[in-house]
Amino acid sequence: MKRFLVSTALIFAFTFILGNIVSFLFEKKLYDQKIRSTSRTSSAPIVLVEIDKESLAFYEKHFNIPWPWPRGLYARAIEFLTSAGAKAVALDMIFSEPSLYGGEDELLAAALKKSSRVFMPLFFSSGEGVVEDLKKFALNEPPRLSRLPSKEGDVLLPVPMIRATLRGAGKASAAPDRDGVYRGLRHFVCRRGSVYPSLALALARFVDPQLSWAAIPFAADGRLNLRFYKKNSFQRFSIAEVIQSQVRLEEGKASAVAAADFKDKIVLIGPTAQGLLDNRSTPVNAAGSGFELHATALANLLERDFIHVIDPRLQWLLVLLAIAAFNYFLSRIRSIQAQVLTAVGVILLAAAGNFLLFYLGADQNFLPLFAGLFTCAAQDVYRRYQRERRKKKIIQNAFKNYMSDSLLVEIMKNPDALKLGGEKKLVTVFFSDLAGFTSLSEALPPEEVVHILNRYLERMTTVILENGGYIDKYEGDAVMAFWGAPLASDAQAVQAMHAALRCQEELLELNLDFEKNGLPPLSMRIGINSGEVIVGNIGSPQKLGYTVIGDAVNLASRLEGINKQYQTAVICGSLSASMAADRMVLRRLDRVRVKGKLNPEEIFEVVGEKGGAAAAEAQHLARFEKALQLYFSGDFSAALEAFIVQAGDLLAQVFAKRCLYLLDNPPADWDGCWTFREK
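So, in structure tokens, the structure goes:
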């Protein structure tokens, strides 16, 4: 538990640093992607009337009216919209200076007064001017927010004649984020103790008196993140169509646009023509306009379609809980592959959940959560990698001197397959011993003895390792090895027998060298047996050894020893013989009971490999097998005759002597099994 808590705390500390870094670099881009991925169509009753390039061209071509237009054109547009039943009109023009055309301000003011539903923007600056009638646009009961922005300077307003006839006005300025993209809008500004709304908020409160502050998730500074909509969510008209519709109505003609399209709608009039447009880049439009920004903010307010920004403190608490849960969950997964897949799946699921949460109206910065989950997964993968690396190093150090490099490589690929704690496995055990080495060692200086023994063991070890064996131990001149562990092998018995024959060949070569140096030749006896044994690390904490124990091991040792009884070099047990019968030439030797075992065992001499020189002895082996059958049946006289004719075979001579003994000492209950009283 302590390790878990420490690792969770460290991951969270690292995530806090990393999460803030990646948030600074990528949060806005991810936010924009969420906006684009979850955008939908607005159903708010908003219509946009655009001062577009077609309208500019129309009035310049047909009426020789350049920009800026006479204010009477706007008056006619407002008259038409009012008569069409528009609920409110916002004219995104400031008109802070008197008109260049005489009498135009009066025309516009008259239209505004008659309409009594028109709003215009306010622009707050840092000058020193004072406008006495500004307070009529202030909020009577503003929301209680702690960090509302304050502007104590100048305010840019329409000329007095026009502003006196306005239904309302609101702050039109907006500030982009640090990358120049507009993602939100501050809906309030303070000036001289009064709070003024944004143009969108002033419109929303006019058309929807039930709109309460409690329903709007303002930030402390009055900011709301905007929910941007799909392109063409709002119905659009060219202002020339609207103005000319009023002209046509005055002439008794049908309007150019249907009045029904504006009934009960909130109409925003603003410029979209290049040259008039102050570009407002948004997540969905790199060349948006200011009045489109107001339309989006207004739609959010009317539809209560808000993005609730989750408190950063709560976000970090959620990140901490997610790290703790994920860290614990990953620690329960054993496989690195499964862990990686799980980590990827959880991160993708968290990302999908984050997008769904955003679609439903809650914005959680996903990057700290991603950083936490990623860090958690990365540290766990790294920890497991280091643990596997240490495990492989331990295995490599433990086994590198006892098995071939190729076998060690296979174990390194899957160290979990190596159960060092102990398991039952089918293995083939190999015991070898040098005959006469003890007397030789007593006749030579110690240095010479060690030199001879090292040369011998080096050759035998090389052969065993090349044939996939594992060197268990050396006991003087004796070698114990086994096959089938740590890695299972279907050819284990064949490998052991092949190694035994090669060892005999190597010893012949060594004997040639010994003979040149005046040393007597050595002979080697080998016992091979297969069976189920216990394999594992056995010993004390101070010294452990990977070894095998069991009856099959003991029998292999007994078989090595009884080679001298049969004048043979390599003897194997019955299971080894059956496992290698397809590839090795074997001669059945006997049925025996070795010391310490009650059950009889058929034993075989390993003659050679099939297809090799040993195959030429097939006829001789068949004769021996026939004689052995007579012996097993208890017909010792016939068996004696059959063995005697094989005078060149030392093994046949052994059985001939045994037949003579049994003829002189007939057994009472012969079962064909010979019992050895000694090891």
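In terms of my numbering, the sequence shown opens at residue 17 and continues consecutively. Note that the Cβ used here is the ideal one computed from N, Cα and C, for glycine as well.
How many Å lie between residue i and residue j at the Cα?
i	j	result
residue 143	residue 153	Any reading at residue 143 is ruled out, since the residue's pLDDT is 47, under 50, leaving its predicted position unreliable.
residue 655	residue 682	14 Å
residue 386	residue 369	12 Å
residue 255	residue 70	9 Å
residue 566	residue 27	49 Å
residue 175	residue 165	25 Å
residue 522	residue 625	16 Å
residue 214	residue 103	18 Å
residue 21	residue 163	38 Å
residue 53	residue 280	31 Å
residue 151	residue 171	11 Å
residue 220	residue 72	30 Å
residue 509	residue 477	17 Å
residue 145	residue 160	In this prediction, residue 145 has a pLDDT of 46, which is less than 50 and means its spatial position is unreliable; nothing more can be read from the coordinates.
residue 517	residue 359	53 Å
residue 699	residue 439	Given that the chain is displayed from residue 17 to residue 695, the structure contains no residue 699 and the question cannot be resolved.
residue 313	residue 347	47 Å
residue 579	residue 470	24 Å
residue 685	residue 648	12 Å
residue 183	residue 223	12 Å
residue 651	residue 559	55 Å
residue 291	residue 76	15 Å
residue 658	residue 593	25 Å
residue 676	residue 465	42 Å
residue 276	residue 173	32 Å
Out of the options, point me to the one whose CA is closest to residue i's CA.
i	options	result
residue 379	578, 242 and 127	242
residue 283	666, 63, 397 and 569	63
residue 34	327, 263, 52 and 392	392
residue 473	526, 653 and 484	526
residue 190	503, 297 and 333	297
residue 250	65, 76, 389 and 172	65
residue 482	492, 513 and 493	513
residue 619	691, 686 and 599	691
residue 351	257, 581, 456 and 399	399
residue 404	561, 570 and 353	353
residue 16	44, 248 and 31	Residue 16 lies beyond the residue range present for the chain, which begins at 17 and ends at 695; the question has no answer from this structure.
residue 553	613, 157, 598 and 488	488
residue 236	208, 223 and 201	201
residue 47	506, 671, 645 and 372	372
residue 634	605, 601, 644 and 31	601
residue 61	43, 252, 68 and 40	252
residue 302	338, 197 and 311	197
residue 382	402, 275 and 363	363
residue 156	273, 178, 135 and 209	209
With the cut-off set at 8 Å, would you say residue i and residue j are in Cβ contact?
i	j	result
residue 586	residue 498	no
residue 355	residue 294	no
residue 550	residue 575	no
residue 384	residue 325	no
residue 374	residue 130	no
residue 108	residue 188	yes
residue 486	residue 502	yes
residue 555	residue 571	no
residue 319	residue 58	yes
residue 639	residue 669	no
residue 568	residue 445	yes
residue 94	residue 128	yes
residue 158	residue 211	yes
residue 86	residue 120	yes
residue 616	residue 608	yes
residue 343	residue 31	no
residue 546	residue 605	no
residue 441	residue 388	no
Which partner residues of residue i appear in the DSSP bridge assignment?
i	result
residue 64	252 and 284
residue 379	325
residue 16	Since the displayed the chain opens at 17 and closes at 695, residue 16 lies outside it and no answer follows.
residue 559	556
residue 196	The partner list for residue 196 (beta bridge, DSSP) is empty, contrary to what the question assumes.
residue 446	497 and 544
Cβ pair count under 8 Å reaching 3, the segment 225 to 234 against the segment 257 to 276: no
Touch test, the segment 285 to 292 against the segment 305 to 320, Cβ-Cβ under 8 Å, three pairs minimum: yes
The segment 110 to 128 / the segment 82 to 101 touching (three or more Cβ pairs under 8 Å): yes
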